[in-house]
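To convert, note that position 44 of the sequence shown is 44 in the working numbering; the numbers rise steadily by one, no gaps. Positions of the beta carbon are idealized from the N, C-alpha and C atoms, including for glycine. Owing to the predicted nature of the structure, the values given are computational and were not obtained by experimental measurement.
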Amino acid sequence: SNSSDDWLDIAGLQATIGSSNYGSIKTVTFEATVRIPTGNETAYVRLYNATDKHPVWFSDVSLEGGTPQLLISKPITLDLGNKTYQIQMKTSLKFQAFLDQSRLHIITN
Numbered sequence: 001s002n003s004s005d006d007w008l009d010i011a012g013l014q015a016t017i018g019s020s021n022y023g024s025i026k027t028v029t030f031e032a033t034v035r036i037p038t039g040n041e042t043a044y045v046r047l048y049n050a051t052d053k054h055p056v057w058f059s060d061v062s063l064e065g066g067t068p069q070l071l072i073s074k075p076i077t078l079d080l081g082n083k084t085y086q087i088q089m090k091t092s093l094k095f096q097a098f099l100d101q102s103r104l105h106i107i108t109n
């Protein structure tokens with residue numbers, strides 16, 4: 001969970017991925033299920049490349065309101081080599097928001 005209005009790492013939600021282990025990658029999307037108990041704000045979630053210290057372009061997803069929802073990013077590109085990716089969150093009004101699950105959906109040719 002998170003209640004910050006700035007991007008923060010979510011403890012325990014990171015993985016090291018070697019893009020070369022997947023052969024020819026067709027598409028990758030970031031998926032996250034988010035809920036906001038108060039229903040009063042917008043929660044943002046993104047993938048962050050902790051190895052190279054930059055957000056993963058187009059991985060940002062957001063939820064406004066209280067109904068839990070599966071959010072799916074636009075297609076993203078994984079950086080070459082073994083990289084550690086970290087989930088980050090922020091909220092618009094500093095109320096608590098929860099990330100119930102997240103994953104990378106990797107489709108190969």
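Whole-angstrom distance between residue j and residue i, CA atom to CA atom
i: residue 29; j: residue 106; result: 7 Å
i: residue 38; j: residue 54; result: 31 Å
i: residue 19; j: residue 59; result: 16 Å
i: residue 24; j: residue 40; result: 42 Å
i: residue 83; j: residue 94; result: 30 Å
i: residue 72; j: residue 46; result: 11 Å
i: residue 98; j: residue 104; result: 18 Å
i: residue 101; j: residue 26; result: 23 Å
i: residue 34; j: residue 92; result: 14 Å
i: residue 67; j: residue 15; result: 27 Å
i: residue 65; j: residue 42; result: 7 Å
i: residue 48; j: residue 69; result: 21 Å
Beta-carbon proximity of residue i to residue j, cut-off 8 Å
i: residue 8; j: residue 86; result: no
i: residue 32; j: residue 56; result: no
Cβ separation of residue i and residue j, assumed to be a contact under 8 Å, to the nearest whole Å
i: residue 108; j: residue 22; result: 5 Å
i: residue 89; j: residue 36; result: The Cβ separation is near 11 Å, so there is no contact.
As assigned by DSSP and simplified to three states, the class of residue i
i: residue 62; result: strand
i: residue 4; result: coil
i: residue 49; result: strand
i: residue 20; result: helix
i: residue 55; result: strand
i: residue 102; result: strand
i: residue 26; result: strand
i: residue 74; result: coil
i: residue 81; result: coil
**Request:** Check whether the segment 61-79 touches the segment 4-11, counting contact only when three or more Cβ pairs, one atom from each stretch, lie closer than 8 Å.
**Result:** no
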